[in-house]
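S.K.:
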Amino acid sequence: MNKIWLITKREYVTRVKNKTFLLTTFLAPIGFLLFFLALGFVMSRGSDDLKTIYVLDEQNLLNEELSGRDNLEFKFSKESLDELKADYAEEEFAGILQLQGIERNDIEKYDIIWHSDDQLALDESQSIERVVRRKVRDYKLKALEIDESKLESLDTRIKIVPKTILADKEVSSMTGVVGSILGGVVGYVLFFIILIYGMQVMRSVMEEKINRIVEVLISSVTPFQLMMGKVIGVGLVGLTQIGLWTILFPIIFGIGSTFFGIDSSPDMMDMANNPDIPDEVMAEGMDKIAIILREIGNMNWWMILPLLIFYFLGGYFAYAALFAAVGSAVGEDINEAQSLTLPIMLPLMFAVYIGVSAINAPDGDIVVWASIIPLLSSIVMPVRLPSDPAAWQIILSVVLLIGFVFFFTWLAGRIYRVGILMYGKKASFKELWKWIFYKG
Amino acid sequence: MHILTLDNVVKQYSNHLAVDHISFNIPKGSIFGLLGPNGAGKTSLIRIITTITAADSGEVLLDGQPLASAPPLLVGYLPEERGLYKKMKVGEQLLYLAQLKGLSEKEARDNINLWFEKFGIEDWWNKKIEELSKGMQQKIQFIATVLHKPKLIILDEPFTGLDPINTNLIKDEIHRMNEEGTSIIFSTHRMEQVEEICKDIVLINQGKKVLEGSVKDVKDQFKDNIFKIEFDGHLPSNLQSNDFRIIDDNKESLTLQINEGYDSNELLRSLLNEGIQIRSFNEVLPSLNEIFIKQVENASHE
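Residue numbers (the numbering used here), protein chains in the order written: chain A, 77 to 516; chain B, 17 to 318.
Following this line, the structure appears as structure tokens:
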């Protein structure tokens with residue numbers, strides 16, 4: 077045990093002191109920040125130059141009121157289209173917006189004509205369409221002599237309110253949704269962590285084999301101790317990195333948004349500006365956020381958190397041991413490593429796809445079984461956890477995972493033990509299978 | 017008392033018998049040569065002793081105890097294929113390896129400093145392995161092998177890649193540790209080094225033990241009773257006898273083989289009687305190299 081600790085310590089310290097670790101840990105959040113800044117810059121580019129648009133509105137449908145995106149300046153013109161077109165050749169303006177007269181009150185389609193050699197950006201045309209739609213609606217209401225308040229009274233908001241029968245807990249319409257989305261995020265994060273750090277274990281094993289220190293090491297410790305020390309060490313590095321990121325990301329994004337004025341939620345802002353969404357719905361949106369927060373707070377964290385940690389550790393250990401085994405079996409040839417990692421990657425990918433479908437249907441047959449079968453369960457079960465799976469499923473899944481973690485580390489240990497001393501022999505699956513049964 | 021006893025040890029790999037019923041003892045405090053051509057099974061045998069692999073059958077006693085499943089701490093092993101962590105600092109690396117052998121951090125630190133002084137490399141603690149030359153790395157590797165003061169040191173081709181000065185430095189340390197009671201297994205196919213360093217040897221070939229014994233006994237066993245005489249003056253032209261056979265005769269020396277039942281004193285006496293001025297009289301023993309080649313070739317002809 078003491079020796080595993082020594083190996084873990086070395087693995088951890090050399091990795092954490094390594095420049096690449098420091099760079100990825102501290103630069104990744106900054107990189108993300110720059111990425112989002114760049115993204116924001118690209119998205120807003122082109123629509124930021126001020127555009128002057130002449131509006132021809134003979135019927136005065138708009139009542140000289142038109143607003144779109146901030147960069148659009150509308151000028152209502154009394155000139156004829158031809159005169160404006162002549163001006164277009166000389167003056168610098170973006171184009172002419174020509175509104176048609178409305179002849180009937182029951183039109184289903186209304187065209188606005190955009191005279192210009194340049195196209196409007198998608199969001200620009202959408203913002204104009206939205207405003208005009210509202211104006212046309214107002215016009216129709218007036219023409220049809222419909223009272224606005226009466227019309228509104230036609231609208232009814234419908235909502236399914238869940239109440240439990242046997243289970244003793246509070247639920248709301250958002251419980252399932254919030255749980256699934258949260259679970260989906262957790263599942264993805266677990267997938268990436270297992271993949272990234274599993275690969276690191278593999279590379280570390282390969283390194284020791286290639287620089288031949290491994291024979292010295294296993295004349296001091298057993299191969300199993302060496303493998304476990306490595307798996308634990310890299311795992312701790314992973315936890316450290318994630319820990320630092322959870323602190324660093326909010327800090328850097330906080331700094332980023334104060335200094336660069338990042339629009340943290342452009343979609344929400346768009347929604348707020350959208351005149352199509354009635355205020356009640358907006359209010360409901362705000363309500364939803366409150367409900368979501370409450371739902372997150374309402375979750376049975378005392379059960380979910382330990383289980384999350386358990387599935388993370390279980391998944392990591394099972395996969396990392398397999399990656400270590402593959403690392404021991406290959407030599408310098410990275411291509412060989414790739415073909416051998418494929419059977420490890422397959423269940424991992426499979427688990428992610430099932431996990432995605434679990435977001436929509438956390439109690440589907442396939443999802444339930446995948447959350448019980450080891451190697452899949454460590455990703456699929458966390459997705460289901462917030463939606464409160466049945467107790468027997470959790471227990472079965474946990475027991476199986478524990479059993480399989482021991483089985484896989486044992487299996488990987490068998491391969492590892494033979495593999496690290498095997499040079500110049502092409503490692504095929506048949507070969508690995510034989511190694512498992514080698515004596516001694 | 018023996019530091020190591022092998023009794024009928026067998027190791028079978030999938031398609032060949034790497035160790036074929038090998039038995040021998042290594043007395044405590046000896047420098048023992050484990051000899052054999054490439055692929056004879058030396059490394060397989062060493063890996064069994066260091067518990068890197070296990071024997072299929074047979075018994076191995078280390079310091080009187082059967083081997084456990086964990087690597088024995090009283091052994092220090094310098095493998096032929098050497099390697100250290102390239103990016104790690106010399107000091108930290110040695111500290112780590114010594115702790116893996118069961119030393120406390122303080123003991124390890126003290127021992128490392130002692131060896132650094134001995135080799136005059138006190139300022140190497142913070143150097144990275146990749147900054148050192150191959151020979152220097154090998155010195156570090158040697159220190160790593162002996163840091164925990166093992167009772168048995170196994171050295172597999174320890175001098176490859178070392179210059180004569182460093183070779184002597186290591187050789188002196190081997191002798192010094194041996195005088196302090198450490199047993200040493202020296203595995204090599206370089207015979208001149210064996211003759212110089214080892215007292216006892218075992219020769220294995222194709223997994224089988226071919227010979228064993230002290231270097232002197234082995235040589236005696238294979239000697240052909242050949243003597244070389246250096247002299248002044250002239251040999252009598254009729255120097256012929258049924259007692260010996262002249263192999264080589266030039267103006268100043270004579271090499272001859274004594275036939276069975278005739279001994280060297282009689283030869284010397286008869287030469288003196290002839291009035292020859294003798295400057296030297298030596299028995300020509302076969303070198304281990306010759307014995308080695310002969311044994312290995314015999315085996316491959318069978």
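Using N, Cα and C, we set each Cβ at its ideal position, and we do this for glycine too.
Quick one, which of Asp-172(B), Arg-125(B), Leu-171(B) has its alpha-carbon nearest Phe-164(B)'s?
M.R.: The question names Phe, but residue 164(B) is His in the sequence shown. Among Asp-172(B), Arg-125(B), Leu-171(B), the Cα nearest to that of His-164(B) is on Arg-125(B).
S.K.: Just how far apart, CA to CA, sit Arg-145(A) and Asp-199(A)?
M.R.: Arg-145(A) and Asp-199(A): Cα-Cα distance of roughly 8 Å.
S.K.: Kindly indicate the opening and closing residues of the beta strand (DSSP E) around Trp-141(B).
M.R.: Note, Trp-141(B): premise wrong, no beta strand (DSSP E); not H, not E.
S.K.: Rank Arg-91(A), Ala-396(A), Asn-136(A), Lys-506(A) by C-alpha distance to the C-alpha of Phe-517(A) and give the top, closest one.
M.R.: Nothing can be reported for residue 517(A), as the shown portion of chain A is limited to 77 through 516.
S.K.: If you check the beta carbons only, do Lys-150(B) and Gly-177(B) fall under 8 Å apart?
M.R.: Cβ atoms of Lys-150(B) and Gly-177(B): closer than 8 Å.
S.K.: Select from the segment 101 to 131 of chain B all residues with a C-beta closer than 8 Å to any C-beta belonging to chain A, and list them in chain order.
M.R.: Listed by position, the residues of the segment 101 to 131 of chain B near chain A (Cβ gap below 8 Å) are Tyr-101, Lys-102, Lys-103, Met-104, Tyr-112, Leu-113, Gln-115, Leu-116, Lys-117.
S.K.: With a threshold of 7 Å on Cβ separation, who are the neighbours of Ile-320(B) within its own chain once the five nearest residues in sequence on each side are excluded?
M.R.: In this structure chain B extends from 17 to 318, so residue 320(B) is not present and cannot be described.
S.K.: Which residues of chain A have a Cβ atom closer than 8 Å to the Cβ of Pro-87(B), listed in chain order?
M.R.: Ordered by position in chain A, the residues that pass the 8 Å Cβ test against Pro-87(B) are Ile-294, Ser-295, Ser-296, Val-297, Thr-298.
S.K.: Under three-state DSSP, which class holds Asp-343(A)?
M.R.: Low confidence applies to Asp-343(A): its pLDDT is 46, below 50, so where it sits in the model is not reliable, and the reading given next is rough at best. If DSSP states are grouped into helix, strand and coil, Asp-343(A) belongs with the helices.
S.K.: Can you find a CB in chain A that lies within less than 8 Å of the CB of Thr-271(B)?
M.R.: It does not: the Cβ of Thr-271(B) has no partner Cβ on chain A nearer than 8 Å.
S.K.: Nearest-angstrom Cα distance between Ile-309(B) and Ser-280(B)?
M.R.: Taking the straight line joining both Cα atoms gives about 27 Å.
S.K.: Rounded to a whole number of angstroms, what is the C-alpha to C-alpha distance between Tyr-88(A) and Pro-87(B)?
M.R.: Taking the straight line from one Cα to the other gives about 24 Å.
S.K.: Check this for me: beta carbons of Ala-287(B) and Ile-242(B), under 8 Å apart or not?
M.R.: Going by the sequence as given, residue 287(B) is Leu instead of Ala. No, Cβ-Cβ distance for Leu-287(B) and Ile-242(B) is not below 8 Å.
S.K.: Could you please give the first and the last residue of the uninterrupted alpha helix (DSSP H) stretch that includes Thr-90(A)?
M.R.: Residues 78 to 93.
S.K.: Just checking: is the beta-carbon of Thr-90(A) within a distance shorter than 8 Å of some beta-carbon in chain B?
M.R.: Yes, because at least one Cβ of chain B sits closer than 8 Å to the Cβ of Thr-90(A).
S.K.: Jot down the residue ranges of each uninterrupted beta strand (DSSP E) in the segment 384 to 420 of chain A, minimum 3 residues, whole runs only, in chain order.
M.R.: Runs found: none.
S.K.: With a threshold of 7 Å on Cβ separation, who are the neighbours of Leu-109(A) within its own chain once the five nearest residues in sequence on each side are excluded?
M.R.: Excluding sequence neighbours, Leu-109(A) sits near Ile-328, Phe-329, Gly-332.
S.K.: Determine the closest residue to Gln-153(B) out of Asp-236(B), Tyr-101(B), Gln-222(B), His-18(B), with distance taken between C-alpha atoms.
M.R.: For the residues Asp-236(B), Tyr-101(B), Gln-222(B), His-18(B), the minimum Cα distance to Gln-153(B) belongs to Tyr-101(B).
S.K.: Quick one: list the residues of chain B neighbouring Ile-289(A), beta-carbon separation under 7 Å, in chain order.
M.R.: Result: Gly-99, Leu-100, Tyr-101.
S.K.: What would DSSP say about Gln-176(A), mapped onto helix, strand or coil?
M.R.: Gln-176(A): coil per DSSP, three-state reduction.
S.K.: What ranges does the beta strand (DSSP E) occupy inside the segment 127 to 182 of chain A, keeping only unbroken runs of at least 3 residues that lie completely in it?
M.R.: Listed in chain order, they are 127 to 133, 148 to 152, 171 to 175.
S.K.: Consider the Cβ of Ala-351(B): report whether some Cβ of chain A lies at a distance smaller than 8 Å.
M.R.: The structure shown does not extend to residue 351(B), since chain B is modelled only from 17 to 318, so the question has no answer here.
S.K.: Under 7 Å, CB to CB, which of the residues in the segment 43 to 69 of chain B have a partner in chain A?
M.R.: If the cut-off is 7 Å between Cβ atoms, the segment 43 to 69 of chain B has Thr-66, Ile-68, Thr-69 near chain A.
S.K.: Say yes only if the C-beta of Glu-96(B) is nearer than 7 Å to one or more non-hydrogen atoms of the ligand SAM, and no if none qualify.
M.R.: No copy of the ligand SAM occurs in the structure displayed, which carries no ligand at all.
S.K.: If you reduce the DSSP assignment to three classes, tell me which class Ala-488(A) lands in.
M.R.: Three-state result, Ala-488(A): helix.
S.K.: Rounded to a whole number of angstroms, what is the C-alpha to C-alpha distance between Met-347(A) and Gln-195(A)?
M.R.: Model confidence at Met-347(A) stands at a pLDDT of 46, short of 50, so the residue's coordinates are unreliable and nothing is read from them.
S.K.: Run down chain B in chain order and give the residues with a C-beta less than 8 Å from the C-beta of Lys-79(A).
M.R.: Those are Leu-116, listed as they occur along chain B.
S.K.: Apply the 10 Å Cβ neighbour rule to Glu-195(B) and answer buried if 16 or more other Cβ atoms are within range, or exposed otherwise.
M.R.: With fewer than 16 other Cβ atoms within 10 Å, it is exposed.
S.K.: Which residues in the same chain as Ile-68(B) place their Cβ atom closer than 7 Å to its Cβ, once the five residues preceding and following it in sequence are excluded?
M.R.: None.
S.K.: Measure the alpha-carbon distance for Pro-423(A) versus Lys-510(A) and round it to whole angstroms.
M.R.: Computed Cα separation, rounded: 23 Å.
S.K.: Compute the Euclidean distance between the alpha carbons of Ser-295(A) and Tyr-93(B), then round it to the nearest angstrom.
M.R.: Looking at the two C-alpha atoms, the distance is approximately 7 Å.
S.K.: Look up Ile-338(A) in the DSSP assignment and say whether it is helix, strand or coil.
M.R.: For Ile-338(A), the predicted structure reports a pLDDT of 48, less than 50, and the residue's modelled location is therefore unreliable. The matter cannot be settled from this model.
S.K.: Compare the Cα-Cα distances from Ile-455(A) to each of Tyr-387(A), Tyr-130(A), Gly-489(A), Phe-150(A) and report the closest residue.
M.R.: Of Tyr-387(A), Tyr-130(A), Gly-489(A), Phe-150(A), the residue nearest in Cα terms is Tyr-387(A).
S.K.: Kindly list, in the order they appear in chain A, the residues whose Cβ is closer than 7 Å to that of Tyr-278(B).
M.R.: Chain A residues near Tyr-278(B): none, gap ~53 Å exceeds 7 Å.
S.K.: Around the Cβ of Lys-232(B), are there at least 16 other Cβ atoms within 10 angstroms (buried) or fewer (exposed)?
M.R.: So Lys-232(B) counts as exposed.
S.K.: DSSP three-state label for Pro-465(A), please.
M.R.: Note: Pro-465(A) maps to coil in three-state DSSP.
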